[in-house]
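Listed in order, the protein sequences are those of chains A and B.
So for the first sequence, the working numbering puts the first residue at 21; every next one is plus one.
So for the second sequence, the working numbering puts the first residue at 5; every next one is plus one.
For reference, the structure is listed below as structure tokens.
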Amino acid sequence: MAYEIIVVGTSWGGLAALRELIVGLPAGFALPLVLVAHRHRDSGQLLTSLLQDATPLAVCDAEDKAPITSGIHLAPADYHLLVEEGFFSLSTDEPVAFSRPSIDVTFGSAADAYGARVAGVVLTGANADGARGLRRVADRGGLALVQRPSTAESSAMPASALAAVPEARAMTIPEIAGALAGLRPSRTGGALR
Amino acid sequence: MALPLTANESLFGPPVTYDAGLERIEIELLLEGVFRQYGFDFRSYAYASIRRRLWKRIAADGLSSVSELQAAVLHDAAAMERLLFDLSVSVTSMFRDPGFYQVFRRDVVPLLRTYPFIRVWHAGCSTGEEVYSTAIVLEEEGLLDRTRIYATDINDAVLARARDGIFALNRMQEYTENYIRAGGRRSFSEYYTAKYDGALFSPALTRTAVFSQHNLVTDGSFSEFNVIFCRNVLIYFDRDLQHRVHALFYDSLATFGILALGSKESLRFSQYEPCYEKLHPREKLYRKIR
Numbered sequence: 021m022a023y024e025i026i027v028v029g030t031s032w033g034g035l036a037a038l039r040e041l042i043v044g045l046p047a048g049f050a051l052p053l054v055l056v057a058h059r060h061r062d063s064g065q066l067l068t069s070l071l072q073d074a075t076p077l078a079v080c081d082a083e084d085k086a087p088i089t090s091g092i093h094l095a096p097a098d099y100h101l102l103v104e105e106g107f108f109s110l111s112t113d114e115p116v117a118f119s120r121p122s123i124d125v126t127f128g129s130a131a132d133a134y135g136a137r138v139a140g141v142v143l144t145g146a147n148a149d150g151a152r153g154l155r156r157v158a159d160r161g162g163l164a165l166v167q168r169p170s171t172a173e174s175s176a177m178p179a180s181a182l183a184a185v186p187e188a189r190a191m192t193i194p195e196i197a198g199a200l201a202g203l204r205p206s207r208t209g210g211a212l213r
Numbered sequence: 005m006a007l008p009l010t011a012n013e014s015l016f017g018p019p020v021t022y023d024a025g026l027e028r029i030e031i032e033l034l035l036e037g038v039f040r041q042y043g044f045d046f047r048s049y050a051y052a053s054i055r056r057r058l059w060k061r062i063a064a065d066g067l068s069s070v071s072e073l074q075a076a077v078l079h080d081a082a083a084m085e086r087l088l089f090d091l092s093v094s095v096t097s098m099f100r101d102p103g104f105y106q107v108f109r110r111d112v113v114p115l116l117r118t119y120p121f122i123r124v125w126h127a128g129c130s131t132g133e134e135v136y137s138t139a140i141v142l143e144e145e146g147l148l149d150r151t152r153i154y155a156t157d158i159n160d161a162v163l164a165r166a167r168d169g170i171f172a173l174n175r176m177q178e179y180t181e182n183y184i185r186a187g188g189r190r191s192f193s194e195y196y197t198a199k200y201d202g203a204l205f206s207p208a209l210t211r212t213a214v215f216s217q218h219n220l221v222t223d224g225s226f227s228e229f230n231v232i233f234c235r236n237v238l239i240y241f242d243r244d245l246q247h248r249v250h251a252l253f254y255d256s257l258a259t260f261g262i263l264a265l266g267s268k269e270s271l272r273f274s275q276y277e278p279c280y281e282k283l284h285p286r287e288k289l290y291r292k293i294r
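Structure follows, in structure tokens:
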């Protein structure tokens, strides 16, 4: 199976987990990586720059209608990030379960746009966001990975994801990074740089 | 662990077995029907978000397919009214992105001071949060009396709410924090009167404002402006429609006029990018220079 996109969701404890994950990726990592982390509506660029410090891959906040390219794209604070075929769209629709960005919304849109060519990853977090989105990724034939709850700073989010998607693989973060590094990019996903 | 909501209720999408190609045909037919029957043109709206809003309405009305929603709205004007509300209302806050208002006050207000008369257009003002936010800044800077504010939206019902100037009281704490971080000079509560669960904003803030219906998709330019605000409206449009609206804004701006976009919108993908200069590296404030 060739992949187009990886979507990652996290909340409480997410900064350390995301850093650990991206540090584990090879420098030439070609698959677009989309990160959805719950953060304060007015948190600005802080998360973006903290993550950029940890990786040679380009890290940016996703802008509306920007093409989906190699590199790391963050869901901007106070927007939902929707994945369309080839580009991102933003929305300021109501928060979902008190969250904007909502992990479920991004995962669901990625699964609907790319079907089985999506890998979804749920990391540490203190609520159940991401569980329904990961369910949809798996239902569309995509790959579902979850941080093993016993290794997560906050186990609620990965535990909820595993309850909703029992067939998902539970792994440590270095194992997840290794699994993502082994995914084969599809022709379009890898070629757009 | 049980999930409290079904996937549909939370994700606002079709059942997973729904055929994606067929869904797109149904959505295009529905939007075509709405346009021909009611004149509202949503055919160039961004697909992923309009699709999400359509499924939200399908779930709320207890229907199970896009075609059922099409039948409902074409035969029942009340169903169309509900859908119009879902599709045309954008959710926003007062002083959303306080940093934007800080830069507006610091960098744009001095430019506006040089004009004897200032025309401001809020394009797609929805329920008016931004109209009141900007009016507060202009009032504090002593510019409101020589400003004419045009606030337009496609939807009459939300315009009426904008005109009334009543916002949810339970948002006032958030708005007060935003106002302070935006560089507000007074006590935010001076601007509104609390009553029941609403905050009624001072009608003096809109003493120079005109609220009127305008459709960015089908209507043309109606004046020449010094500032156009259109923040987090274009995100709901596809790229073709964004280009058309940028042409409309370009035609509607005076030379050296200011275009204010949402914090994650840009002119980067527009043919008009070379016609503007950026006033700030991060906030989306552009000045028309040619």
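The C-beta atom is built at its ideal place from N, Cα and C for all residues, glycine as well.
>> Can you pull out the residues from the segment 144-156 of chain A whose beta carbon lies closer than 8 Å to at least one beta carbon of chain B?
In response: 148, 151, 152, 153, 155 and 156
> Which same chain residues, not among the five before or five after residue 86 (chain A), have their C-beta less than 6 Å away from its C-beta?
Replying inline: 108
>> Just checking: is the beta-carbon of residue 33 (chain B) within a distance shorter than 8 Å of some beta-carbon in chain A?
In response: no
>> Quick check on this structure: which residue in A:69, A:161 and A:82 has the alpha carbon closest to the alpha carbon of residue 272 (chain B)?
In response: A:82
> Who are the neighbours of residue 270 (chain B) on chain A, taking C-beta pairs under 7 Å?
Replying inline: 83
> For residue 176 (chain B), does the three-state DSSP call read helix, strand or coil?
Replying inline: helix
> Does at least one heavy atom of the ligand PLP sit under 7 Å from the Cβ of residue 109 (chain B)?
Replying inline: Ligands displayed in this structure: none; no statement on the ligand PLP is therefore possible.
>> Going by C-alpha to C-alpha distance, which of B:46, B:21 and B:187 sits closest to residue 246 (chain B)?
In response: B:46
>> I want to verify the contact list: residues of chain A whose CB lies under 9 Å from the CB of residue 297 (chain B), in sequence order.
In response: Here chain B has residues from 5 to 294 only, and residue 297 (chain B) is not among them.
> What residues from chain A crowd round residue 239 (chain B), counting only those whose CB sits closer than 9 Å?
Replying inline: 84, 85, 99, 109, 110, 111 and 112
> With distances taken between CB atoms, is the gap from residue 139 (chain B) to residue 153 (chain B) smaller than 8 Å?
Replying inline: yes
> For residue 20 (chain B), which three-state DSSP category applies?
Replying inline: coil
> Going along the chain, which residues of its own chain have a beta-carbon closer than 6 Å to the beta-carbon of residue 97 (chain A), five neighbours each way excluded?
Replying inline: 59, 61 and 63
> Across which residues does DSSP place residue 232 (chain B) in a beta bridge pair?
Replying inline: B:125 and B:263
> Which chain A residues are close to residue 212 (chain B), counting only those with a beta carbon under 8 Å from its beta carbon?
Replying inline: Correct list: empty, because the minimum Cβ distance to chain A is about 27 Å.
> Among B:201, B:37 and B:125, which has the Cα closest to the Cα of residue 72 (chain B)?
Replying inline: B:37
>> Quick check on the burial criterion: 16 or more other C-beta atoms within 10 angstroms. Buried or exposed for residue 244 (chain B)?
In response: exposed
>> Between the segment 120-130 of chain B and the segment 139-151 of chain B, can you find at least three pairs of beta-carbon atoms closer than 8 Å?
In response: yes
> Smallest Cα separation from residue 262 (chain B): which of B:81, B:144 and B:230?
Replying inline: B:230
> Going by other Cβ atoms of all chains shown within 10 Å of its Cβ, with 16 needed for buried, is residue 174 (chain B) buried or exposed?
Replying inline: exposed
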